[in-house]
Amino acid sequence: MALPQAKQTATEERLAALTMPDAGCTRKAREAALARVREMGLPGRRDEYWKYTRPDTLVSTAAPEAAVFNADEPSMFHEFDRLKIVFIDGVFSPEESDDLELEGVTIDRLEDICCKDIHWAKELYGVLEANGQDPVQRPLAALNTAFASDGVAIHVTGKPTKPISLNYRHASETSDAILHHIVRVETDAEVTILESGPAASRFNKCMEIDIADGGTLHHVRAQGRDHQRRAATHMFTRMGQESVYKSFTLTVNGVLTRNEQVVELTGDDAVAHVAGACVGDGDFHHDDTVFITHDAVNCESRQVFKKVLRNGATGVFQGKILVKEGAQKTDGYQISQSLLLDDDSQFLAKPELEIYADDVACSHGSTSGAIDETALFYLRSRGVPTDDATDMLTLAFLAEAVEEIEDDGLADVIVSRLQDWLARRR
Amino acid sequence: MLEIKDLHVRLEEEEKEILKGVDLTVEAGKVHAIMGPNGSGKSTLSYVLSGRDGYEVTEGSAQLEGEDLLDLEPEERAAAGLFLAFQYPVEIPGVGNMTFLRTAVNAQRKARGEEELSAAEFLKIIRERAKALKIDAEMLKRPVNVGFSGGEKKRNEILQMAMLEPKMCILDETDSGLDVDAMKLVAEGVNALRGEGRSFLVITHYQRLLDHIKPDVVHIMADGRIVKSGGPELALEVENNGYADILAEVD
């Protein structure tokens, strides 16, 4: 079906401003992705999947300017022993990064996967993204596959002793970054990947994650404090038998963020937990869009998303659990909740279940509410001042999402960032 | 300690007067009990004293050691030494019991200009006091009152009281929902805190709690007023004959 004229024009205008990197072995995948973009068109205001989030500034030819936030504070995970990989405005920085050497894992820049003939990477690039275009179209992810200018390929074959930390720094007010990472976790291997930082004025990031049987990936992300930045991110995860994927995202700022998580449980007994906590103040729009497909027996999936909103901030949650025919004994859980600290903020939620198997347990819930006055009085009656009591209840509200982080040290860092956010708003 | 004079209170949202001139003085170190039929205003009195929203004081005063309670925020009343053991303790998911108590204890100490307790000092004290109330380490770690049985919730209230060391304790139907053993445990907890000039106002429907927490003075409350006061024998009279006789006599 031909695209509407306006959409086609907008798409072509955006494409005209981009140059496909000279990409050797990924060329074919990139060309195919470009064809997908042309076929789908970039997201527009009338698209159902973008009903609650305006994509205009994510697809415009140039990135809207975004001031660089300079707090002189160390990066989020600086206290942890980690392998640091730094990108500045979407460009890998060898000077700022550690040597990419770590036992149990091989890390290469995307541009090197061809000359080094890294088979798994060549075979994975663009594949999970392409799979993830059905049944819902994700044109910004296809755009990413076609035009990504940098990224890393992470091959996990053992159990590295420290996390791999992707740190995205924002330096230019007009930067427009497109990064694409691919991750392969081999059988029984286990790794923690951290992501932090605002990345650019506008950031389009795609990560394709392939977890083999018995593999485990922990993912903890914090999206940076730059208030004016925009981001559209996609994580595509394919999971083998008895594999584990646990992802948590913290968003404390950003004028516009759309985080899509597409998870496909293809092997029996796999476990996928996807969680997020966001706190938004004022001109803040945050969208979590999650699509989990159960295509194997006895798998567990959990979605836990919590949003604290004030001064007119907007939170969006679109979450779906699709249980395919034959995916018996599925255990699916989804909760999305917002705590509205005033009457100006809003939370828009669209939870969905689609089930084609008859022996499954799936539940979902979505709520929106204010601070519990009874609990507030209880705390105050014990001598806790109102502001402290409100903060305690706000953190308590977010706790269920933060508790999805298995590592206590990482969870503590996230909690302290949330406390800082609350303290700044006293 | 606590001096209430001609207290008139109505619900903010409706034109309904609940307390119609309460006069009550609780001396330092004394235990006073308030009994009365449903709807007489007992719980309202406890809420008004602790500063809960939704009530409007139209007349009268309430002072704690000479300080006007009604001008203070709930947290200021707590720091001044007032404590209310709730009839229905509130569940707070996501807030650990221990964290909550330490925050409360230190907030009060800070408000009074005292030094805050270190984590170690606090831990030592709470372990000792929790043990006396048969509250185990697991219960201290769990979120405040979440998944607690009725008895556990009430014991947790008494633990908070023991940790906060208030001067004036109000127990709002602390016996409701308790079996005999749990009631004894709670009463022992309360009795352990008696003395040192600490005063209690025990609100209850039934005399049986007063078998365990022996009051110095018993008040009967009806239709928003204290209608009769006397010694512990007044509670027995209620137990034996109900409120009808007393109320008839007052009328």
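If you read the protein sequences in the order shown, they are chains V and R.
Under my numbering, the first residue of the first sequence is numbered 1, with each subsequent residue one higher.
Under my numbering, the first residue of the second sequence is numbered 427, with each subsequent residue one higher.
Idealized CB from N, CA, C, for every residue including glycine.
Within the stretch 89–151 of chain V, the runs of alpha helix (DSSP H) at least 4 residues long that lie entirely inside it are, in chain order, 119–124, 127–131, 139–147.
Rounded to whole angstroms, the gap between the alpha carbons of Gly-522(R) and Leu-498(R) is 27 Å. Gly-240(V) and Ala-199(V) do not touch by the CB rule: their CB atoms are close to 30 Å apart, not below 8 Å. Taking 9 Å as the upper bound on Cβ-Cβ separation, chain R lies near no residue of the stretch 130–150 of chain V.
Cβ-Cβ distances below 6 Å link Leu-673(R) to Ala-648 in the same chain, with the five nearest sequence neighbours on each side left out; the list follows chain order. Any Cβ of chain R closer than 7 Å to the Cβ of Ser-201(V) would place that residue at the interface, and such an atom is absent. The beta carbon of Gly-280(V) lies closer than 6 Å to those of His-286, Leu-309, Ala-313 in the same chain, with the five residues before and after it left out.
Taking the beta carbon of Ala-661(R) as reference, no residue of chain V falls within 8 Å; the closest one sits roughly 27 Å away.
Cβ proximity to chain R below 9 Å picks out Tyr-378, Leu-379, Arg-380, Ser-381, Arg-382, Gly-383, Val-384, Pro-385, Thr-386, Asp-388, Ala-389, Met-392, Leu-393, Leu-395 from the stretch 378–395 of chain V.
Around the CB of Asn-464(R), fewer than 16 other CB atoms lie within 10 Å, so the residue is classed as exposed. For Tyr-481(R), the enclosing beta strand (DSSP E) covers residues 481–490. In terms of Cβ geometry, Ala-399(V) and Val-304(V) do not form a close pair [threshold 7 Å].
Of the residues assessed, Gln-419(V) falls on the exposed side of the cut-off, its CB having fewer than 16 other CB atoms within 10 angstroms.
The Cβ-Cβ distance between Val-255(V) and Asp-226(V) does not fall below 7 Å. Residue pairing from DSSP places Tyr-245(V) in a beta bridge opposite Leu-217(V), Ala-272(V).
Of the residues Cys-206(V), Pro-43(V), Asn-167(V), Cys-299(V), the one whose Cα lies closest to the Cα of Gln-8(V) is Pro-43(V). Spatial neighbours of Leu-166(V) in its own chain (CB-CB distance under 6 Å, excluding positions within 5 residues in sequence) are listed in chain order as Ile-85, Glu-195. Per DSSP, Val-516(R) is not a residue of any alpha helix (DSSP H), being assigned neither H nor E. Separation of the CB atoms of Asp-150(V) and Gly-90(V) is rounded to 6 Å, and the pair is thereby assigned contact status at 8 Å. Classified as buried, Thr-529(R) has 16 or more neighbouring CB atoms from the shown chains inside 10 Å of its CB. By the neighbour-count criterion, in which 16 or more other beta carbons inside 10 Å mark a residue as buried, Ala-10(V) falls on the buried side.
Judged by their CB atoms, Gly-455(R) and His-434(R) are not nearer to each other than the 7 Å cut-off. Close to Ile-584(R), with beta-carbon spacing below 7 Å, lies no residue of chain V; the smallest spacing is near 13 Å. Counted as a single uninterrupted DSSP element, the stretch harbouring Asn-167(V) is not any alpha helix (DSSP H) but the beta strand (DSSP E) occupying residues 164–169.
With contact defined as three or more Cβ pairs closer than 8 Å, the stretch 137–157 of chain V and the stretch 23–39 of chain V are in contact. For chain V, the residues of the stretch 470–501 of chain R that bring a beta carbon within less than 8 Å of one of its beta carbons are Ser-476, Gly-477, Arg-478, Asp-479, Glu-499, Pro-500, Glu-501, in chain order. Within chain R, the residues placing a beta-carbon under 7 Å from that of Ala-399(V) are Gly-520, ordered along the chain.
In the structure shown, Asp-295(V) adopts coil according to DSSP, grouped into three states. According to the DSSP assignment, Ile-551(R) belongs to no beta strand (DSSP E) but to the alpha helix (DSSP H) extending over 545–558. Val-644(R) is outside the set of residues whose beta carbon lies under 7 Å from a beta carbon in chain V.
Close to Thr-374(V), with beta-carbon spacing below 7 Å, are these residues of chain R in chain order: Val-516. When Thr-174(V), Leu-348(V), Glu-65(V), Ala-2(V) are compared, the shortest CA-CA separation from Tyr-52(V) is found for Leu-348(V). In the three-state reduction of the DSSP assignment, Tyr-632(R) falls in the coil class.
Short of 7 Å from the beta carbon of Asp-269(V), and not among the five residues preceding or following it, lie these beta carbons of its own chain, in chain order: Gln-241, Glu-242, Asn-298, Cys-299.
When the beta-carbon positions are compared, Thr-367(V) and Gln-337(V) come within less than 7 Å of each other. Counting along the chain, Phe-305(V) sits inside the beta strand (DSSP E) bounded by residues 300–310.
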